[in-house]
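> I have a structure I would like to understand better, so I am pasting it below and will then ask my questions one at a time.
Number of protein chains: 2
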Amino acid sequence: MSEPDRGVDTPPARLIALDWGTSALRAYLLGDDGAVLDTRSEAWGIMQLPSGGFPAAFEGVTDEWRRFAPGLPAIASGMVGSAQGWVEAPYCNAPAGSAELAGALASAADGRLFIVPGVVQDGGAPNVMRGEETQIVGALAARPDLAERSLLVLPGTHSKWVGVADGRIRDFTTYMTGELFAVLSSASILGRFARDAGRDPTPESARDAFRRGVLASRSAQGGIAPLLFSARSLVLTGRLAPVASLEYLSGLLIGDEIRCGLTGGARPDTLIGDPALCERYQTAFGLFGVDAISVITDAAPVGLWTIAQHASLAGPTSAAAIA
Amino acid sequence: MSEPDRGVDTPPARLIALDWGTSALRAYLLGDDGAVLDTRSEAWGIMQLPSGGFPAAFEGVTDEWRRFAPGLPAIASGMVGSAQGWVEAPYCNAPAGSAELAGALASAADGRLFIVPGVVQDGGAPNVMRGEETQIVGALAARPDLAERSLLVLPGTHSKWVGVADGRIRDFTTYMTGELFAVLSSASILGRFARDAGRDPTPESARDAFRRGVLASRSAQGGIAPLLFSARSLVLTGRLAPVASLEYLSGLLIGDEIRCGLTGGARPDTLIGDPALCERYQTAFGLFGVDAISVITDAAPVGLWTIAQHASLAGPTSAAAIA
Numbered sequence: 040m041s042e043p044d045r046g047v048d049t050p051p052a053r054l055i056a057l058d059w060g061t062s063a064l065r066a067y068l069l070g071d072d073g074a075v076l077d078t079r080s081e082a083w084g085i086m087q088l089p090s091g092g093f094p095a096a097f098e099g100v101t102d103e104w105r106r107f108a109p110g111l112p113a114i115a116s117g118m119v120g121s122a123q124g125w126v127e128a129p130y131c132n133a134p135a136g137s138a139e140l141a142g143a144l145a146s147a148a149d150g151r152l153f154i155v156p157g158v159v160q161d162g163g164a165p166n167v168m169r170g171e172e173t174q175i176v177g178a179l180a181a182r183p184d185l186a187e188r189s190l191l192v193l194p195g196t197h198s199k200w201v202g203v204a205d206g207r208i209r210d211f212t213t214y215m216t217g218e219l220f221a222v223l224s225s226a227s228i229l230g231r232f233a234r235d236a237g238r239d240p241t242p243e244s245a246r247d248a249f250r251r252g253v254l255a256s257r258s259a260q261g262g263i264a265p266l267l268f269s270a271r272s273l274v275l276t277g278r279l280a281p282v283a284s285l286e287y288l289s290g291l292l293i294g295d296e297i298r299c300g301l302t303g304g305a306r307p308d309t310l311i312g313d314p315a316l317c318e319r320y321q322t323a324f325g326l327f328g329v330d331a332i333s334v335i336t337d338a339a340p341v342g343l344w345t346i347a348q349h350a351s352l353a354g355p356t357s358a359a360a361i362a
Numbered sequence: 040m041s042e043p044d045r046g047v048d049t050p051p052a053r054l055i056a057l058d059w060g061t062s063a064l065r066a067y068l069l070g071d072d073g074a075v076l077d078t079r080s081e082a083w084g085i086m087q088l089p090s091g092g093f094p095a096a097f098e099g100v101t102d103e104w105r106r107f108a109p110g111l112p113a114i115a116s117g118m119v120g121s122a123q124g125w126v127e128a129p130y131c132n133a134p135a136g137s138a139e140l141a142g143a144l145a146s147a148a149d150g151r152l153f154i155v156p157g158v159v160q161d162g163g164a165p166n167v168m169r170g171e172e173t174q175i176v177g178a179l180a181a182r183p184d185l186a187e188r189s190l191l192v193l194p195g196t197h198s199k200w201v202g203v204a205d206g207r208i209r210d211f212t213t214y215m216t217g218e219l220f221a222v223l224s225s226a227s228i229l230g231r232f233a234r235d236a237g238r239d240p241t242p243e244s245a246r247d248a249f250r251r252g253v254l255a256s257r258s259a260q261g262g263i264a265p266l267l268f269s270a271r272s273l274v275l276t277g278r279l280a281p282v283a284s285l286e287y288l289s290g291l292l293i294g295d296e297i298r299c300g301l302t303g304g305a306r307p308d309t310l311i312g313d314p315a316l317c318e319r320y321q322t323a324f325g326l327f328g329v330d331a332i333s334v335i336t337d338a339a340p341v342g343l344w345t346i347a348q349h350a351s352l353a354g355p356t357s358a359a360a361i362a
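As given, the protein sequences belong to chains A and B, one line each in that order.
What the first sequence shows, in the working numbering, is residues 40 to 362, in sequence order.
What the second sequence shows, in the working numbering, is residues 40 to 362, in sequence order.
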């Protein structure tokens, strides 16, 4: 990470944007129109902070930038605003868009940092998100055609399927797909064959096993409860290579999420998230006959910029708000 | 554990029966007609053997009994016959009953111990069991009315729903309900509220939360994937006590197993297993309108006795087989 050249020829910095989750802290220096001027990344998620805690992590990751622009406003989204975070930013009720989020920022670091709240959908089947709301704001800013009405899928530890209407998050569902895969791989008997194999499957056998898992889930209309154990029994009966068994499990779990999500004829418009994970989901969606889903990556900095604009934080007009 | 009185007035010992699983070793001294004369229990499951391994565990748990009857035959079922066990007893193909199992015993301890094989149902959705086959043989011996045609449910780490026809295991399905509960409780975010609470819920709030979980699963026709996270979101929105959240999760998972198992109008005849767990399942079945399911406990020693009889191991006629 070289020190950014903040000489006369560089565009002016307008905002520091932090994507601050459970396991990572990603920082962006944004200029006019939210252009990314520089980035930093640390493993300082809220569960693994450096000595000195949140303030030290904040100073450490933004210090170089703020040396050149001491009054630069900063905004963060993600678990940093949870009850286990720096300052709790209470959930906004759905429906919520950039205006509602901007109107409910919490502040930390003596007012030098603003924190975006998560969103709660209360009711019979309550759901919460924290961090994804900002990615969605970013996605809608980048793709205004999605704002009027769309279904967005954000794969991850806790995947979200989010219905958008009139530019706001209207309703959403959570699938614990990524966390289920992590705990079953590491702590259950389903991970034992792959752990014992101690090597990765070939790309071809990984792809085949993943596809088999997706297809098995596709035909399990009542859910995968009676199917989960097949990630072991197929190996025991010589029908699946031990080393590929976790790829099969990944296919089962992602396939189950997609089968549930598509119930009732829903069709997602776009995937938002990590490129490799989105590609995996694209493959799985294809096996359900849902092709050509677009992918939006790096939506967080655009979302943070957009929310900051709504809060009149970024740019020359922001000095008063920060002082 | 007092030394059994093997004096002139005690009935003669016929067989040592071992229920030897992953985490426990239960030993039974059986007399005429399989009557239990004495029992031993050690934490010497195949994953936590004493120094000296399998032979030491076998000698340790049966030593007192064999001192009085050195030629006493012994038979074991469970994971002791798996690839990670003492001697692998390859799976019998379904359909399989006591005759098929008795015809495929493996032997260990220089021929002093016979090991019951598991059962495999091969085909599109393969399934395996090891230990449950012996409990089923025991249940059918105790309840001959179940032999012609019945559906048996054995709740546990890997629950089995077993179709019986003509006295044999015909087909079966595995639900990883117990293991899912264990890994989600201990390793996922769903366990965090209860872990932090550090105390048990009151019996009443536990019962209520369990019932809510079962009822939520009952109405989730496509499976619980979109519902699992409610074990957290209901707490975050103040609708579920943190301390009772794992009872709710237990209800969700058991409810999902039952909803899947009842698909197509199937109706179980009996539960086989641990009394407390069977009672939990009875409650859940009741919420699905399936009442008055009977419970069979301690089926393993009867099953081991029955299989040993088929193999001509037990009783006075067994000496030749053991010599």
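Don't be surprised by glycine CBs; every beta carbon is placed ideally from N, CA and C.
Helix or strand or just coil, what does DSSP make of Pro-355(A)?
Within the first sequence, numbered from 1, the residue matching residue 355(A) stands at position 316. Residue placement at Pro-355(A) cannot be trusted, given a pLDDT of 49 that sits under 50; the coordinates are not used to answer.
> Report the partner residues of Ile-375(A) according to the DSSP bridge assignment.
Only positions 40 to 362 of chain A appear in the structure, and residue 375(A) is not among them; the question remains open.
> Measure the C-alpha to C-alpha separation of Leu-291(B) and Ser-269(B) and round it to an integer number of angstroms.
Against the second sequence, residue 291(B) aligns to sequence position 252. Against the second sequence, residue 269(B) aligns to sequence position 230. Those two C-alpha atoms are separated by around 10 Å.
> Starting from the C-beta of Ser-80(A), find all residues in its chain whose C-beta is less than 6 Å away, skip the five residues before and the five after it, and write them out in chain order.
Position 41 of the first sequence holds residue 80(A). Same-chain partners within the cutoff: Arg-65.
> Note down, in chain order, every chain A residue with its Cβ under 7 Å from the Cβ of Tyr-214(B).
As a first step, residue 214(B) must be located in the second sequence, where it is residue number 175. Per Cβ cutoff of 7 Å: Ala-264, Pro-265.
> Which residues bound the beta strand (DSSP E) around Asp-341(A)?
Against the first sequence, residue 341(A) aligns to sequence position 302. Checking the sequence, you will find Val at residue 341(A) rather than Asp. Careful: Val-341(A) lies outside any beta strand (DSSP E), inside the alpha helix (DSSP H) at 338-349.
> Nearest by alpha-carbon distance to Arg-250(B): which of Thr-309(B), Ala-204(B), Pro-183(B), Gln-321(B) is it?
Your numbering for residue 250(B) matches position 211 in the second sequence. The residue with the shortest Cα to Cα distance from Arg-250(B) is Gln-321(B).
> Compute the beta-carbon to beta-carbon distance between Gly-294(B) and Ser-333(B), rounded to the nearest angstrom, for a pair I have assumed lies under 8 Å.
Here the question's residue 294(B) lines up with position 255 in the second sequence. Here the question's residue 333(B) lines up with position 294 in the second sequence. Going by Cβ atoms, the distance from Gly-294(B) to Ser-333(B) rounds to 21 Å, so no, they are not a contact pair.
> Going along chain A in order, which residues have a C-beta closer than 8 Å to the C-beta of Phe-268(B)?
Position 229 of the second sequence, counted from the start, is the residue given in the question as residue 268(B). Within chain A, the residues near Phe-268(B) are Asn-166, His-197, Thr-213, Tyr-214, Met-215.
> Quick one: measure Cβ to Cβ for Pro-265(A) and Tyr-214(B), integer angstroms, because I've assumed they're closer than 8 Å.
Translated into positions along the first sequence, residue 265(A) becomes position 226. Translated into positions along the second sequence, residue 214(B) becomes position 175. Yes, they are in contact, since the Cβ atoms of Pro-265(A) and Tyr-214(B) sit about 6 Å apart, within 8 Å.
> With a threshold of 6 Å on Cβ separation, who are the neighbours of Leu-193(B) within its own chain once the five nearest residues in sequence on each side are excluded?
Position 154 of the second sequence holds residue 193(B). Result list for Leu-193(B): Glu-171, Lys-199, Ile-311, Gly-312, in chain order.
> Express the C-alpha separation of Gly-195(B) and Gly-136(A) in angstroms, rounding to a whole number.
One-based indexing of the first sequence puts residue 136(A) at position 97. One-based indexing of the second sequence puts residue 195(B) at position 156. If I take the Cα positions, the gap works out to 46 Å.
> What beta strand (DSSP E) runs, 3 residues minimum, are completely inside the region 147-171 of chain A?
Counting whole runs of 3 or more residues, the region 147-171 of chain A contains the beta strand (DSSP E) stretches 152-154, 158-160, 166-168.
> Going by the beta-carbon positions, is the gap between Ala-283(A) and Ala-248(A) smaller than 7 Å?
As a first step, residue 283(A) must be located in the first sequence, where it is residue number 244. As a first step, residue 248(A) must be located in the first sequence, where it is residue number 209. Result yes, Cβ atoms of Ala-283(A) and Ala-248(A) sit closer than 7 Å.
> Put Tyr-130(A) into one of helix, strand or coil per three-state DSSP.
Locating residue 130(A) in the first sequence gives position 91, counting from the first residue. The answer is coil: DSSP assigns Tyr-130(A) none of H, G, I, E or B.
> Does Thr-61(B) come within less than 7 Å of chain A when only Cβ atoms are used?
Counting from 1 along the second sequence, the entry for residue 61(B) is found at position 22. By this cut-off, Thr-61(B) is not an interface position.
> Can you list the residues of chain B that Cys-299(A) reaches, using a CB-CB cut of under 8 Å?
Here residue 299(A) refers to the residue found at position 260 when the first sequence is read from its first residue. Those are Gly-261, Gly-262, Ala-264, Pro-265, listed as they occur along chain B.
> If I measure Cβ to Cβ from Gln-123(A) and keep anything under 7 Å in the same chain, skipping five residues before and after, which residues do I get?
The residue labelled residue 123(A) in the question sits at position 84 within the first sequence. Here the set comprises Ile-85.
> Give the residues of chain A in contact with Thr-276(B), contact being defined as C-beta atoms less than 8 Å apart.
Position 237 of the second sequence, counting from 1, holds the residue named residue 276(B). Near Thr-276(B) (Cβ distances below 8 Å), the residues of chain A are Val-159, Asp-161, Pro-165, Val-167.
> Given a cut-off of 7 Å, decide if Val-253(B) and Leu-326(B) are closer than it, judged by their beta-carbon atoms.
Counting from 1 along the second sequence, the entry for residue 326(B) is found at position 287. Counting from 1 along the second sequence, the entry for residue 253(B) is found at position 214. Yes, they are a contact pair.
> At the 7 Å Cβ level, is Ala-226(A) part of the contact set with chain B, yes or no?
For the purposes of this step, residue 226(A) is taken as the residue at position 187 of the first sequence. Yes, contact with chain B.
> Excluding five sequence neighbours on each side, which residues of the same chain lie with their C-beta closer than 6 Å to the C-beta of Ala-362(B)?
Numbered from 1 along the second sequence, position 323 holds the residue referred to as residue 362(B). Because Ala-362(B) sits at a pLDDT of 33, beneath the cut-off of 50, its placement in the model cannot be relied upon, and the point is left open.
> Inspect the CB distances between the region 144-153 of chain B and the region 113-121 of chain B and report whether three or more fall short of 8 Å.
Verdict: yes, contact present.
> Would you mind sorting Glu-187(B) into buried or exposed? The rule is 16 or more other CB atoms within 10 Å of its CB.
Position 148 of the second sequence, counting from 1, holds the residue named residue 187(B). So Glu-187(B) counts as exposed.
> Tell me, please, whether the CB atom of Glu-296(A) is closer than 7 Å to any CB atom in chain C?
Judged by its chain identifiers, the structure shown contains no chain C, and its protein chains are A and B.
> Count the other C-beta atoms from every protein chain shown that fall within 10 angstroms of the C-beta of Glu-42(A), then say buried if there are 16 or more, exposed otherwise.
As a working note, residue 42(A) is residue 3 in the first sequence. Low confidence applies here, because Glu-42(A) scores a pLDDT of 47, under 50, leaving its location unreliable and the question unanswered by this model.
> For the beta strand (DSSP E) holding Glu-187(A), just list the boundary residues, first then last.
Residue mapping note: residue 187(A) aligns to position 148 of the first sequence, counting from 1. Neither: Glu-187(A) is in no beta strand (DSSP E) and is coded neither H nor E.
> Within 10 angstroms of the Cβ of Arg-271(A), are there 16 or more other Cβ atoms? Answer buried if so, exposed if not.
Position 232 of the first sequence holds residue 271(A). Arg-271(A) is buried by the Cβ-count criterion.
> Return helix, strand or coil for Ala-56(A), following the three-state DSSP convention.
Within the first sequence, numbered from 1, the residue matching residue 56(A) stands at position 17. The answer is strand: DSSP assigns Ala-56(A) an E or B state.
> Determine, for Glu-187(A), whether the minimum Cβ-Cβ distance to residues of chain B falls below 7 Å.
Counting from 1 along the first sequence, the entry for residue 187(A) is found at position 148. Answer no: the Cβ-Cβ gap between Glu-187(A) and chain B never drops below 7 Å.
> In whole angstroms, what separates the C-alpha of Ala-82(B) from that of Ser-225(A)?
Indexing the second sequence from 1 puts residue 82(B) at position 43. Indexing the first sequence from 1 puts residue 225(A) at position 186. Straight-line Cα distance between these residues: approximately 24 Å.
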